[in-house]
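Numbering (numbering that gives the first Met the number 0), first residue to last: 0 to 849.
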Amino acid sequence: MKVSIKLAVAYLISQKGKSLALITSISLAVMLIFTLNVIPETQSKINIDKAYKNFSDYHVEYSNLSDDVSNNLKNEKEIKEIYDVINFGNIVDKNGVSINLNSYNKDFLDAYGYKMIKGSFPKNDHEIVIEEKALREMNLSNELNQEINFNVVKKYVDKNNENQIYTKPNKFKLVGIIQKPEDYYKDNEFFSVKGFTKFSTSQEITPNEFLSHSGVLKFNTENPSMTMANKFIGKYRLNIRDFELNVGLSNVLNEYQEKKLTKFSITNKLIPMISAGLVIYNIFNIILIDKINQIGVLRAIGMEKKNIKYMMIVQSLIVLIIGLVIGFGLGYVVSLIGINSIYGQNKSIYVSKESIIEPLILATIVVFICSILSTHKASKISPVEAIKTTNRYSKKQKDRCYHKLIKKVFGLTGEVAFRNILRDKSKTILSILSISLAGSLFISKMAFYNDDENLDNSSLPIISMGDTDVILKHNSNNSNEFYANYNKGYIDNISKMDNIREVIPSINTSAYLKTNINSITDDAKSLTSPKQDNLEVNMGIKGCNKDFIKRLGKYIESGSNINDEYIDKNDSYPSALISNHFYSSDQHSNDTRVLKKIKVGDIVQFKVCVNENGSLKYKDQKVRVGGLLNKDYVVTQDGGMDSLFQVILNEKDFKSITNIENYNKVSIKLNNKGNKKIHKDLEKVVKNSSFKEIESKYKYEKSYIEQSQQNKKEVLVSVILTLIISVINIICIIKANIMIRIKELSTLRAIGMSIRDIKKMITKESIIYAIFSTILSAISATLSNFKFAYMINKAKAEVIGAENSLSYSIPINEILQFAIVTIIICILATYLSTNKLVKLSIVEGLKIND
0 MKVSIKLAVA
10 YLISQKGKSL
20 ALITSISLAV
30 MLIFTLNVIP
40 ETQSKINIDK
50 AYKNFSDYHV
60 EYSNLSDDVS
70 NNLKNEKEIK
80 EIYDVINFGN
90 IVDKNGVSIN
100 LNSYNKDFLD
110 AYGYKMIKGS
120 FPKNDHEIVI
130 EEKALREMNL
140 SNELNQEINF
150 NVVKKYVDKN
160 NENQIYTKPN
170 KFKLVGIIQK
180 PEDYYKDNEF
190 FSVKGFTKFS
200 TSQEITPNEF
210 LSHSGVLKFN
220 TENPSMTMAN
230 KFIGKYRLNI
240 RDFELNVGLS
250 NVLNEYQEKK
260 LTKFSITNKL
270 IPMISAGLVI
280 YNIFNIILID
290 KINQIGVLRA
300 IGMEKKNIKY
310 MMIVQSLIVL
320 IIGLVIGFGL
330 GYVVSLIGIN
340 SIYGQNKSIY
350 VSKESIIEPL
360 ILATIVVFIC
370 SILSTHKASK
380 ISPVEAIKTT
390 NRYSKKQKDR
400 CYHKLIKKVF
410 GLTGEVAFRN
420 ILRDKSKTIL
430 SILSISLAGS
440 LFISKMAFYN
450 DDENLDNSSL
460 PIISMGDTDV
470 ILKHNSNNSN
480 EFYANYNKGY
490 IDNISKMDNI
500 REVIPSINTS
510 AYLKTNINSI
520 TDDAKSLTSP
530 KQDNLEVNMG
540 IKGCNKDFIK
550 RLGKYIESGS
560 NINDEYIDKN
570 DSYPSALISN
580 HFYSSDQHSN
590 DTRVLKKIKV
600 GDIVQFKVCV
610 NENGSLKYKD
620 QKVRVGGLLN
630 KDYVVTQDGG
640 MDSLFQVILN
650 EKDFKSITNI
660 ENYNKVSIKL
670 NNKGNKKIHK
680 DLEKVVKNSS
690 FKEIESKYKY
700 EKSYIEQSQQ
710 NKKEVLVSVI
720 LTLIISVINI
730 ICIIKANIMI
740 RIKELSTLRA
750 IGMSIRDIKK
760 MITKESIIYA
770 IFSTILSAIS
780 ATLSNFKFAY
790 MINKAKAEVI
800 GAENSLSYSI
810 PINEILQFAI
820 VTIIICILAT
830 YLSTNKLVKL
840 SIVEGLKIND
């Protein structure tokens, strides 16, 4: 055993180049996998710390619960903490800013993550503490003791299980200001600003019978659990919107595990390791070729087969250990640099057990397999054959018809180069596979990320905007649709901006479809939680101008449009377009309906909120079905993604029904949607302005591009390291071929072939590697992306009816880019491999292997 160890060490030292190649291949693969684990893990840990700061550590936020349900939750064994408040409804200012008003409870504020930055808690009736964000949006100062006028708006369900609304003007005195971190609003699109006031049984804000319970709670589980939340939703028959998981925290906690298991991340880590495995196997074989004579001598003087095996295994262990140490060291440094470059400041990195174990196991398996195969080959060689062997590739190749063609086109050096790569087909195939793995990854991923044309077609949010470029609306969680508006002057100012082609205002509000349990589909039942036969199903109503209504003509599947020329003016009911389709997240389809049966001419009854002298009331209204819209409307042209059922009226009829005059949504078409200036100007218009917000194709595309750039970087890191590993492979193979054929090459020089021609021959040999690798990469990547595009198009055709949403063609540019890089790298490998040959004299070369 000691002899085997000494021989293994001695050989590794004597063959420094090959030993270094082995160690480098292992180190690079380990470094990449370690880095691709550590950087996301560190980012995840930083994001988790940030999420706890922004979203606090509660598991569920509940609202609109009755006294009985609230009391029962406090007695549940699976709930370890609960902080309850009385909910008065919402208080709404003159511009529509809606603040969720609750009773003051310090424990609730602490659990929710609020910080009191000014003033104190409310001690008297009509004193209030308000979130700083709400004051900014109302354009109010942080001055305490100012009086603010609001309308109290409380939606509730009466004893008959019907939706009702209570409104009343009220005035509050500001005595305190609370604050959440600014990132809380940036990272949470569903936030709701809050206010807190004193509660007493004699309070006059909202009638006691309309009050409900809100609060936050923690389960006995370590993290927020959707399973637990669903259990209580089912047990108490709650609306899912009234018992919501702490999504901001939960998403961050789950994100890393999900990202870790994506095909993208697994591919990025496996390809370099597989490539390294091919390199290691090739180099072990080259080492074996060099040692055949020595093995023969050792066997001849009495060394047993098992000692030969020990020697090979010891070599493997030594290069594995050194490769792991260097790989982990380099990985730590690269991870540190990567994290600091991402966050622009010094951050410590987080290294988990998995980050160490994963590359350790993969590297060990790869080296172990390669070592076993090489050791098996070595053990089969007899001493006599080993001593006799001087050139493993001395067997003469048969002349093929294509050899003459190659010679005619590429000359004698080209023919010899082609013959040389076929001398050991297994090494050639493994080398080509090693390079093509990187090529396939590069071509397929970069082709997709570089295809900007797919942006408009493949993203559901972009598809749902139709031919609209920008939509100005109000944050639905923090504004009241009946008070928030864009007045005529506001819209006129937007219309005068540069690059604005068309401005299309509309009025949008929610309502309730009056129907019964037997009239709706099973798909709709799963979203309505019916408690009795007569139902009020959530729906939306739009009031649109003539131009917009005219454009909806292409979506009408039966009936006619509701332009003036089609309307029966003698009809006592307004004529409406109806969208009975909705997008089902369960079915992943827009071919789902609310009502089982509906036809042109039917009367649709619904309950809608109307404005009567500043007060809001629900009233039953009826419209006649003038036309039915098809399923495509739901996911295009700003359709019905936000409601189950939709009624579309002309502006005049909408205003007549609701008494709401001002628009609350503005759709904009631009001359140049990529113009940054107009988007910045629109952002300025809505910033800190009653929770007005912008939805735009530009923002969606920008977000997509930023994510694509991040993915590109990850792909390029993986490709570059894989190519480096492949270069080592090619250098070793070419070098081994030169050493094995040194006598043959010296003979060619002796009969008149110049060093220059020999270099040409070896260069052409390496270029052949590059060409075959590129061809294989191009075929693999093209087939892979065609398959991916087909799957996406098929899925989107079934889900949203979008035909050929993802276009695809052969990625010529990416193939050429990879081909050029690979050829340059292979030529560089040739230059590094031929140095020894140039320095060797003809006489010295002829003496070798004699």
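Where is the CB? At the ideal position from N, CA and C, for every residue including glycine. Bear in mind the structure is a predicted one, so any value in this text is a computation, not a measurement.
Contact under 8 Å by Cβ, residue i with residue j
i, j, result
"residue 176", "residue 95", "no"
"residue 153", "residue 209", "yes"
"residue 701", "residue 468", "no"
"residue 107", "residue 248", "no"
"residue 558", "residue 624", "yes"
"residue 86", "residue 97", "no"
"residue 46", "residue 251", "yes"
"residue 245", "residue 59", "yes"
"residue 474", "residue 509", "no"
"residue 644", "residue 607", "no"
"residue 810", "residue 446", "yes"
"residue 620", "residue 667", "no"
"residue 442", "residue 814", "yes"
"residue 688", "residue 477", "no"
"residue 649", "residue 495", "no"
"residue 91", "residue 482", "yes"
"residue 628", "residue 556", "yes"
Rounded C-alpha distance that separates residue i from residue j
i, j, result
"residue 755", "residue 768", "20 Å"
"residue 600", "residue 635", "25 Å"
"residue 848", "residue 743", "With a pLDDT of only 49 at residue 848, under the threshold of 50, the placement of this residue in the model should not be trusted; the figure read from the coordinates follows. One C-alpha to the other measures close to 11 Å."
"residue 352", "residue 470", "47 Å"
"residue 719", "residue 465", "40 Å"
"residue 42", "residue 338", "8 Å"
"residue 28", "residue 326", "7 Å"
"residue 392", "residue 425", "Below a pLDDT of 50, predicted positions are generally treated as unreliable, and residue 392, at 46, falls in that range; the measurement from the model is reported next regardless. Between residue 392 and residue 425, the C-alpha separation is close to 13 Å."
"residue 225", "residue 71", "20 Å"
"residue 390", "residue 428", "At residue 390, the pLDDT of 49 sits below 50, so the modelled position is not reliable and the matter cannot be decided from this model."
"residue 375", "residue 308", "8 Å"
"residue 4", "residue 313", "6 Å"
"residue 161", "residue 169", "26 Å"
"residue 52", "residue 577", "45 Å"
Pick from the options that is closest to residue i, judged by C-alpha positions
i, options, result
"residue 360", "334, 319, 349", "319"
"residue 616", "167, 576, 38, 112", "167"
"residue 684", "39, 488, 20", "488"
"residue 204", "215, 171, 587, 522", "171"
"residue 580", "547, 550, 539", "539"
"residue 506", "646, 207, 174", "646"
"residue 8", "303, 69, 50, 316", "316"
"residue 237", "792, 777, 67, 648", "67"
"residue 605", "595, 618, 598, 597", "618"
"residue 691", "555, 781, 437, 484", "484"
"residue 614", "589, 145, 163", "163"
"residue 686", "758, 161, 472, 792", "472"
"residue 103", "93, 120, 91", "120"
"residue 365", "759, 479, 25", "25"
Close beta carbons around residue i, own chain, < 8 Å, minus the five adjacent residues each side
i, result
"residue 552", "560"
"residue 785", "807"
"residue 15", "none"
"residue 886", "The structure shown does not extend to residue 886, since the chain is modelled only from 0 through 849, so no value can be given for it."
Same chain, Cβ closer than 7 Å to residue i, five either side skipped, listed in chain order
i, result
"residue 357", "32, 36"
"residue 110", "55, 57, 82, 215"
Beta-carbon contacts of residue i that lie in its chain and below 6 Å, excluding the five residues immediately before and after
i, result
"residue 329", "30"
"residue 22", "318, 321, 322"
is_contact[residue i, chain D] using C-beta, thresh 8 Å
i, result
"residue 603", "Looking for chain D here will not work: only one protein chain is present."
Whole alpha helix (DSSP H) elements within the stretch 128-154, 4-residue minimum
131-136
Mind listing, in chain order, the continuous alpha helix (DSSP H) runs of no fewer than 4 residues lying wholly within the stretch 478-555?
487-494, 521-527, 545-550
Which whole runs of the beta strand (DSSP E) in the stretch 9-70 are 3 residues long or more, in chain order?
59-64
4-residue-minimum alpha helix (DSSP H) runs that sit fully inside the stretch 559-598, ordered along the chain:
none
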